[in-house]
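In what follows, a single structure is set out as structure tokens and then discussed.
In our numbering, the protein residues as written are 995 to 1065.
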């Protein structure tokens, strides 16, 4: 096997890995996970509390408009 053949084989493996990831992502997306818009969840607030199994979590919107969930 030449170096060139090895490079092409590595490229083929990479393409196969990418194809596998795309298939997994497609199958994952087709399971219809419920989605809610953050604006609907937050109701014009920057912070809310979530009670999960008796433990309180805080979900907040940062200054950079990211969501952070803390216990």
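For each residue, glycine too, the CB sits at the ideal point set by N, CA and C.
Quick one: what does DSSP say residue 1056 is sitting in, helix, strand or coil? Residue 1056 falls in the coil class under three-state DSSP.
Provide the residue(s) that pair with residue 1043 in DSSP beta bridges, ordered along the chain. Looking at the DSSP assignment, residue 1043 forms a beta bridge with 1052.
Determine the direct distance from the alpha carbon of residue 1061 to that of residue 1045, and round the result to whole angstroms. Computed Cα separation, rounded: 17 angstroms.
Grab the span of the beta strand (DSSP E) containing residue 1030 for me, first residue to last. Where residue 1030 is concerned, there is no enclosing beta strand (DSSP E), given that its DSSP letter is neither H nor E.
Could you check which residue in 1065, 1058 and 1014 has the C-alpha nearest to that of residue 1040? For residue 1040, the nearest C-alpha among the options comes from 1058.
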